[in-house]
Amino acid sequence: MFQINEVVEFENELYRILALLLEEVVWIPVTKAGIFPSLIPVETLVNAVENGMLARKPDPFANLIYEMPLKGSVQQQKLEKNLQLIQPIICDADCFLPKVRSARIAQVMAEHSTTKQTLYRLIMRYWQRGQTANALLPDYKNSGGRGKTRQARDKKLGRPRVHTPGKGAIVDEATRRLFRIAIEKHLLTDKENGLKSAHNHFKGMYETFYPQVAEAEMPTIWQFGHFYRREYGKPEILERQTTRIEYRKDVRPLTSTVNANLLGPGSCFEIDATLADIYLVSDNDRRNIIGRPVVYVVVDVFSRMVAGLYVGLENPSYATAMLALLNALTDKVAYCKEYGFEIDYEDWPIVGIPDAIMADRGELFGHQIEALERAFSVRIETAPPHRGDCKGVVERGFGTVQAKFKSFAPGVVVGSLAKKRGGKDYRLDAQLTIKEFTGIILAAILYRNRFHTLEKYDREPDMPTDLPMTPISLWNWGIQNRTGKLRTAPYDAVKVAILPRTKASLSELGVCIFGIYFTCQEIVKKGWLHRSKEIKRPQNLQAAYDPWSADCIYLFPNANSTEYWLCALTPHCREFIGCSFWDVWQITDEQKRAVAENKLVSDAKHRELDRYIQETIKNAKREMPGDIREIPKTQRIKGIRQNRKLAKKDERISRQKSNKDGEIMKDSFNLTNVVPLRATDNEDDLAFPSFIDELFDE
Numbered sequence: 151m152f153q154i155n156e157v158v159e160f161e162n163e164l165y166r167i168l169a170l171l172l173e174e175v176v177w178i179p180v181t182k183a184g185i186f187p188s189l190i191p192v193e194t195l196v197n198a199v200e201n202g203m204l205a206r207k208p209d210p211f212a213n214l215i216y217e218m219p220l221k222g223s224v225q226q227q228k229l230e231k232n233l234q235l236i237q238p239i240i241c242d243a244d245c246f247l248p249k250v251r252s253a254r255i256a257q258v259m260a261e262h263s264t265t266k267q268t269l270y271r272l273i274m275r276y277w278q279r280g281q282t283a284n285a286l287l288p289d290y291k292n293s294g295g296r297g298k299t300r301q302a303r304d305k306k307l308g309r310p311r312v313h314t315p316g317k318g319a320i321v322d323e324a325t326r327r328l329f330r331i332a333i334e335k336h337l338l339t340d341k342e343n344g345l346k347s348a349h350n351h352f353k354g355m356y357e358t359f360y361p362q363v364a365e366a367e368m369p370t371i372w373q374f375g376h377f378y379r380r381e382y383g384k385p386e387i388l389e390r391q392t393t394r395i396e397y398r399k400d401v402r403p404l405t406s407t408v409n410a411n412l413l414g415p416g417s418c419f420e421i422d423a424t425l426a427d428i429y430l431v432s433d434n435d436r437r438n439i440i441g442r443p444v445v446y447v448v449v450d451v452f453s454r455m456v457a458g459l460y461v462g463l464e465n466p467s468y469a470t471a472m473l474a475l476l477n478a479l480t481d482k483v484a485y486c487k488e489y490g491f492e493i494d495y496e497d498w499p500i501v502g503i504p505d506a507i508m509a510d511r512g513e514l515f516g517h518q519i520e521a522l523e524r525a526f527s528v529r530i531e532t533a534p535p536h537r538g539d540c541k542g543v544v545e546r547g548f549g550t551v552q553a554k555f556k557s558f559a560p561g562v563v564v565g566s567l568a569k570k571r572g573g574k575d576y577r578l579d580a581q582l583t584i585k586e587f588t589g590i591i592l593a594a595i596l597y598r599n600r601f602h603t604l605e606k607y608d609r610e611p612d613m614p615t616d617l618p619m620t621p622i623s624l625w626n627w628g629i630q631n632r633t634g635k636l637r638t639a640p641y642d643a644v645k646v647a648i649l650p651r652t653k654a655s656l657s658e659l660g661v662c663i664f665g666i667y668f669t670c671q672e673i674v675k676k677g678w679l680h681r682s683k684e685i686k687r688p689q690n691l692q693a694a695y696d697p698w699s700a701d702c703i704y705l706f707p708n709a710n711s712t713e714y715w716l717c718a719l720t721p722h723c724r725e726f727i728g729c730s731f732w733d734v735w736q737i738t739d740e741q742k743r744a745v746a747e748n749k750l751v752s753d754a755k756h757r758e759l760d761r762y763i764q765e766t767i768k769n770a771k772r773e774m775p776g777d778i779r780e781i782p783k784t785q786r787i788k789g790i791r792q793n794r795k796l797a798k799k800d801e802r803i804s805r806q807k808s809n810k811d812g813e814i815m816k817d818s819f820n821l822t823n824v825v826p827l828r829a830t831d832n833e834d835d836l837a838f839p840s841f842i843d844e845l846f847d848e
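If you want it as structure tokens, here you go:
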């Protein structure tokens with residue numbers, strides 16, 4: 151029922167059981183000094199247990215078994231010496247009897263130069279602390295005042311000065327308060343201030359409070375640093391010396407892993423964009439440098455497999471992110487064939503819609519992606535601002551992919567553009583075109599997916615030990631042994647759901663987005679293009695568009711439905727046939743700019759016209775005879791008909807004069823052999839054709 155070295159509580163006192171006899175137990179108080187072991191009947195202890203008066207308690211000296219003094223240290227030497235002294239006493243099983251114990255102690259005293267008090271003290275410590283060798287360790291941990299603040303009264307603590315003049319300052323409560331102010335203001339901030347700078351600020355405050363104190367009697371930088379290291383722990387210093395974003399991203403302890411909450415392949419895709427570290431040249435003319443391309447990458451988190459990509463010159467946006475996602479959700483065999491890579495479906499088996507997509511707060515943060523969420527139940531997750539660590543898989547993937555070409559490709563970004571004497575601009579080394587660079591990125595991704603070894607991948611408990619740690623092997627294992635989350639969907643439905651959307655207005659010219667018009671047979675049948683006030687056209691329509699082609703759009707006639715009508719450009723906007731919407735935006739912007747500039751010229755000329763008209767009217771008023779008021783009004787009105795005849799006669803005479811001048815010019819040029827426009831009756835009619843039917847034919 152009871153065990154040796156067990157600690158029990160009896161009558162509010164802790165006892166340690168030293169030995170078990172037939173009907174008695176040898177025990178000793180754990181905390182009281184000067185009390186020897188005693189015997190107590192087992193029956194008494196059993197009754198105490200039944201009455202609730204005795205209970206087992208944790209050993210207060212249990213931590214001694216973990217102590218391990220350094221070899222050759224003072225602790226070890228004293229331990230061995232103490233153990234050697236009491237070894238002849240404790241080795242006797244009857245040492246608990248007073249007579250036997252006294253005889254053994256006398257024998258040890260005769261053989262060693264020690265005292266009875268020392269032997270009794272060591273034996274009592276040995277019994278009270280668990281009857282182990284470590285029970286004889288000296289209590290150095292109780293020595294000194296480590297971590298405690300010492301109070302100086304008359305002189306400075308520590309060793310006296312030897313070379314520095316003065317006695318030094320006593321660090322009292324007022325000085326510690328100034329220490330804290332200087333530390334909080336100048337050290338525990340995200341600014342890179344050193345201990346020396348903070349101490350100088352402290353001395354400035356100290357001098358203000360105590361102007362009579364000499365420089366040698368001010369608290370030293372050692373006292374300042376000692377207080378700083380004692381009062382502030384390293385975790386607190388790290389947290390307060392870094393910004394909140396930097397601390398959460400780079401400093402805080404990581405308590406989990408990205409794979410901990412994933413069910414299998416397709417559980418989560420991460421998407422991100424980066425500006426590639428290389429300059430490219432134009433496909434049409436290699437002499438023209440076109441800058442750095444944008445690379446979008448979509449990665450499956452569970453397998454680390456690249457699911458899709460986009461390489462181009464368009465800036466990061468929802469439109470370009472959509473292209474990378476569309477590439478990730480569809481078969482990549484035909485895409486690879488465009489760049490000369492013959493692969494099978496098994497080489498890149500990611501085709502489908504994932505359970506969740508993780509992205510920045512830029513591209514997929516908004517209403518544009520809501521159609522994909524509603525139609526296919528995709529969960530869109532956005533990382534907090536400046537928290538690239540939330541999608542660390544795709545962020546690390548950029549470095550892996552770019553490492554394949556950065557070591558030897560021409561035009562790679564290296565350091566700063568600021569050139570030293572004799573240096574050169576790395577942008578002038580550009581030689582690769584956008585198509586060639588896309589092929590390199592695609593080849594690097596194919597290598598990564600099939601052959602790259604993930605040495606630091608955190609394995610699942612049931613993964614076989616001989617499983618190759620490559621993305622495609624992890625993908626295949628996850629599909630077979632985990633819940634695959636990818637779902638299939640028609641390509642057209644996915645494309646329309648993922649395309650960017652915008653508001654569309656409807657008028658008699660058609661559906662208008664971005665200032666250009668589209669129409670379709672469904673709109674005509676609805677009568678929405680008729681020019682009548684009786685027509686009720688719907689408002690707040692939505693339309694999806696492909697940024698790469700302005701030839702058509704997808705109009706959603708019903709607000710709560712994914713049904714769409716395919717609308718084509720109207721003849722009114724035929725100038726945009728074959729253009730992308732980026733071209734449309736550029737052209738319309740240039741047109742608006744030209745109209746605005748011309749309007750400024752028009753306004754200036756319109757003012758000139760107004761001035762001319764006003765001046766002409768003023769001249770006409772001045773030319774009117776002064777006696778006009780003396781002529782009766784009825785007489786002036788009756789003379790309108792006769793005045794008109796005279797004015798018409800004058801106009802005819804002037805016309806005849808101008809015709810005579812024309813005859814003189816005709817004779818001078820000797821115009822002959824004029825072919826009449828209308829032929830004779832027996833010849834073909836040479837009249838101009840009529841286009842009326844073609845203009846108004848439906």
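Just add 150 to the spot in the sequence shown (first one is 1) and you have the numbering used here.
Positions of the beta carbon are idealized from the N, C-alpha and C atoms, including for glycine.
As the structure is a prediction and not an experimental result, all values here were calculated from the model.
So for residue 179, helix, strand or coil by DSSP? One-based indexing of the sequence shown puts residue 179 at position 29. The answer is strand: DSSP assigns residue 179 an E or B state.
Do you know whose CA, among 605, 671, 654, 732, lies nearest residue 663's CA? In the sequence shown, residue 663 corresponds to position 513, counting from 1. For the residues 605, 671, 654, 732, the minimum Cα distance to residue 663 belongs to 654.
Tell whether a beta-carbon distance below 8 Å holds between residue 639 and residue 526. Mapped onto the sequence shown, residue 639 falls at position 489. Mapped onto the sequence shown, residue 526 falls at position 376. Cβ atoms of residue 639 and residue 526: closer than 8 Å.
DSSP three-state call for residue 794: helix, strand or coil? Counted from its first residue, the sequence shown places residue 794 at position 644. In the structure shown, residue 794 sits in a helix (DSSP, three-state: H, G or I).
At which residues does the beta strand (DSSP E) containing residue 652 begin and terminate? Taking the sequence shown and counting its residues from 1, the one referred to as residue 652 is at position 502. Here the beta strand (DSSP E) through residue 652 covers 651-657.
Hey, quick one: how far does the alpha helix (DSSP H) through residue 621 stretch, first residue to last? Here residue 621 refers to the residue found at position 471 when the sequence shown is read from its first residue. Looking at the DSSP string, the run of the alpha helix (DSSP H) that includes residue 621 is 621-631.
Starting from residue 191 and walking both ways along the beta strand (DSSP E), at which residues does that stretch end? By one-based count along the sequence shown, residue 191 stands at place 41. Run containing residue 191: 188-191, per the beta strand (DSSP E) assignment.
Nearest by alpha-carbon distance to residue 614: which of 606, 624, 605 is it? In the sequence shown, the residue the question calls residue 614 occupies position 464. The residue with the shortest Cα to Cα distance from residue 614 is 624.
Nearest to residue 689 (by Cα), restricted to the options 375, 495, 707: Reading the sequence shown from its first residue, position 539 is the one you call residue 689. When each option's Cα is compared against that of residue 689, the closest is 707.
Is there contact between the segment 179-198 and the segment 228-238, where contact requires at least three CB pairs shorter than 8 Å? no
Fully enclosed by the segment 571-607, which alpha helix (DSSP H) runs are 4 residues long or longer? 584-601
Nearest-angstrom Cα distance between residue 629 and residue 217? Here residue 629 is taken as the residue at index 479 of the sequence shown, counted from 1. Here residue 217 is taken as the residue at index 67 of the sequence shown, counted from 1. If I take the Cα positions, the gap works out to 51 Å.
Let me know the secondary structure DSSP gives residue 776 once reduced to three states. Here residue 776 refers to the residue found at position 626 of the sequence shown. Three-state result, residue 776: helix.
How do the segment 490-506 and the segment 374-385 stand: do at least 3 beta-carbon pairs fall below 8 Å, yes or no? no
Comparing alpha-carbon positions, which option in 205, 396, 155, 433 lies nearest residue 587? Position 437 of the sequence shown, counted from the first residue, corresponds to residue 587. Checked all of 205, 396, 155, 433; the closest Cα to residue 587 is 433.
Tell me which same chain residues have a C-beta within less than 7 Å of the C-beta of residue 585, skipping the five on either side of it? As a first step, residue 585 must be located in the sequence shown, where it is residue number 435. Excluding sequence neighbours, residue 585 sits near 433.
Would you tell me roughly how many angstroms separate the C-alpha atoms of residue 821 and residue 764, rounded to the nearest one? As a working note, residue 821 is residue 671 in the sequence shown. As a working note, residue 764 is residue 614 in the sequence shown. Here the model assigns residue 821 a pLDDT of 49, short of 50, so the residue's position is not dependable and the matter cannot be decided.
By the DSSP assignment, the beta strand (DSSP E) with residue 420 in it spans what residues? Reading the sequence shown from its first residue, position 270 is the one you call residue 420. Counting along the chain, the beta strand (DSSP E) containing residue 420 begins and ends at 419-425.
For residue 469, I'd like the list of residues in its chain whose CB is within less than 6 Å of its CB, leaving aside the five on either flank, ordered along the chain. As a working note, residue 469 is residue 319 in the sequence shown. So the list reads 650, 697, once near-sequence residues are dropped.
Simplified DSSP assignment, three categories, for residue 161: The residue you call residue 161 lines up with position 11 of the sequence shown. Of the three classes helix, strand and coil, the one that applies to residue 161 here is coil, per DSSP.
What does the alpha-carbon distance come out to for the pair residue 606 and residue 424? Within the sequence shown, residue 606 is the residue found at index 456, counting from 1. Within the sequence shown, residue 424 is the residue found at index 274, counting from 1. Spanning the two alpha carbons is a distance of roughly 24 Å.
Name, in chain order, the residues that DSSP records as bridge partners for residue 717. Taking the first residue of the sequence shown as 1, we reach residue 717 at position 567. DSSP lists 703 as partners of residue 717.
Suppose contacts are defined by Cβ-Cβ distances below 8 Å. Is residue 509 in contact with residue 421 by that definition? Numbered from its first residue, the sequence shown carries residue 509 at position 359. Numbered from its first residue, the sequence shown carries residue 421 at position 271. Yes; because the gap between Cβ atoms is below 8 Å, this pair is in contact.
For residue 799 and residue 808, the rounded distance between their alpha carbons: For this step, residue 808 is matched to residue 658 along the sequence shown. For this step, residue 799 is matched to residue 649 along the sequence shown. Distance between the alpha carbons of residue 808 and residue 799 is about 15 Å.
By the three-class DSSP mapping on this structure, what secondary structure does residue 668 have? In the sequence shown, residue 668 corresponds to position 518, counting from 1. Three-state result, residue 668: strand.
Taking the straight line between their C-alpha atoms, what separation do you get for residue 259 and residue 274? Walking along the sequence shown from the start, residue 259 turns up at place 109. Walking along the sequence shown from the start, residue 274 turns up at place 124. Roughly 17 Å separates the two Cα atoms.
Cross-strand partners of residue 531 (DSSP beta bridge): Within the sequence shown, the letter at position 381 stands for residue 531. For residue 531, which the question treats as bridged, DSSP gives the partners 508.
Would DSSP call residue 151 helix, strand or coil? Within the sequence shown, the letter at position 1 stands for residue 151. Here residue 151 sits in coil by DSSP.
Proximity test, Cβ basis, 8 Å: residue 345 and chain D: Chain labels in this structure do not include chain D; a single protein chain is all it has.
Taking only runs that begin and end inside the segment 441-514, name each unbroken alpha helix (DSSP H) of 4 or more residues, in chain order. 468-479, 483-488
Less than 8 Å separating the beta-carbons of residue 319 and residue 369? Here residue 319 refers to the residue found at position 169 when the sequence shown is read from its first residue. Here residue 369 refers to the residue found at position 219 when the sequence shown is read from its first residue. A contact, by the Cβ cut-off of 8 Å.
Assuming residue 703 and residue 709 make a contact with CB atoms under 8 Å, what is their CB distance in whole Å? Against the sequence shown, residue 703 aligns to sequence position 553. Against the sequence shown, residue 709 aligns to sequence position 559. With 8 Å as the limit, residue 703 and residue 709 do not qualify as a contact, their Cβ atoms being about 17 Å apart.
Nearest by alpha-carbon distance to residue 366: which of 600, 316, 582 is it? As a working note, residue 366 is residue 216 in the sequence shown. Of the listed residues, the one whose Cα sits closest to residue 366 is 316.
Assuming residue 695 is part of the beta strand (DSSP E), what are its boundary residues? Your numbering for residue 695 matches position 545 in the sequence shown. Its beta strand (DSSP E) spans residues 691-695.
Please give the ranges of any beta strand (DSSP E) in the segment 321-369, keeping only runs that are unbroken, at least 3 residues long and fully inside the region. none
Please work out which residues of its chain come closer than 7 Å, Cβ to Cβ, to residue 244, disregarding the five sequence neighbours upstream and downstream, and give them in chain order. Position 94 of the sequence shown, counted from the start, is the residue given in the question as residue 244. So the qualifying residues of the chain are 250.
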